[in-house]
Amino acid sequence: MKKFVIVIFLNLVVSVTFAQQYDKAIYAGVFSPTSFGNYSKGTLGPSYGIKFDYHFNEKFALSSNYMFGRFNHTSDRNGLKIRENTNLFYLTFQKKFPLKKGWSLAVGTGIGYYLEYSSDEIDQATQITEFYRDFIMPLELNFSKNIGENLFAGVKTGLFITPFYSIGAFHLGPEIRYRF
1 MKKFVIVIFL NLVVSVTFAQ QYDKAIYAGV FSPTSFGNYS KGTLGPSYGI
51 KFDYHFNEKF ALSSNYMFGR FNHTSDRNGL KIRENTNLFY LTFQKKFPLK
101 KGWSLAVGTG IGYYLEYSSD EIDQATQITE FYRDFIMPLE LNFSKNIGEN
151 LFAGVKTGLF ITPFYSIGAF HLGPEIRYRF
């Protein structure tokens, strides 16, 4: 009986392992300033990124994301337009919902880290670029549809909440994914 239970358990583990799926995705779009309160006259800029999704089953996934975003603002020091670069790395746990006509919605949240710096503004006394960094809590929505064998296209949007700002950056843009 003990061997029978072990064989059944191993079969279940192996079948669950083979049922798991992976996605690799690229995305682009627009990116807002990390804090409109700290950046006067902030404007949207481009963003792009890559992501890797691990699907536990049809309802849940873990997503690892790297995003680069850029935005402009007016400097309080001299009134010049400054370009800020932001690198974000974050993990989200997603719940997936099937919608009508083959569409699906994934809602996720998690934890991450961002690093922001300006290539236009350098401390004149030290000649060192100033870096800003903080933890983030991403809130994301992904709308997608299967457009071919293992190929998905959709829209990715989200908000990054930081501990010291009420609302951090916002991003929105198209995404294309391939499922393995």
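Count the sequence shown with the UniProt record's numbering and you get residues 1 to 180, in order. Beta carbons: idealized from backbone N, C-alpha and C, even for Gly.
First through last residue of the beta strand (DSSP E) which encompasses residue i
i	result
GLY49	45–55
LEU62	60–74
ARG177	170–179
GLU84	81–98
ILE161	151–161
TYR27	21–31
Cutoff 6 angstroms; reference residue i; Cβ partners in own chain excluding five residues on either side
i	result
ASP23	ASP53, ARG177 and ARG179
LEU159	LEU139 and PHE170
THR157	LEU141 and LEU172
GLU175	ALA25, TYR27, GLY154 and LYS156
Residue environment, residue i, which counts as buried when at least 16 other CB atoms sit within 10 Å
i	result
LEU88	buried
THR129	exposed
GLY168	buried
ASN57	exposed
GLY112	buried
GLY154	buried
GLY102	exposed
Close Cβ partners of residue i (< 8 angstroms) along its chain, the five nearest in sequence each way excluded
i	result
THR109	THR92, PHE93, MET137, PRO138, LEU139 and GLU140
PRO46	ALA28, GLY29, VAL30, PHE31, GLY69 and ARG70
LYS95	LYS59, PHE60, ALA106, VAL107 and GLY108
ASN150	TYR178, ARG179 and PHE180
Cβ shell of residue i (< 7 angstroms), same chain only, five flanking positions each side left out
i	result
LEU44	VAL30, PHE31, SER32 and PHE71
ASP134	TYR114, THR162, PRO163 and PHE164
Through-space distance from residue j to residue i, alpha-carbon basis
i	j	result
SER104	SER144	5 angstroms
TYR27	ASN146	16 angstroms
THR74	GLU116	16 angstroms
ALA106	LEU80	40 angstroms
SER15	ASN85	Confidence in SER15 is poor, its pLDDT being 47 and thus under 50, which makes the residue's placement unreliable; the coordinate value appears in the next sentence. So the two alpha carbons sit approximately 44 angstroms from each other.
ILE50	GLY69	12 angstroms
PHE152	ASN78	46 angstroms
ALA61	ALA25	14 angstroms
MET67	GLY148	26 angstroms
GLY42	TYR132	16 angstroms
GLN20	THR34	35 angstroms
Cutoff 8 angstroms: residue i Cβ touching any chain D Cβ
i	result
ASP134	Judged by its chain identifiers, the structure shown contains no chain D, having just a single protein chain.
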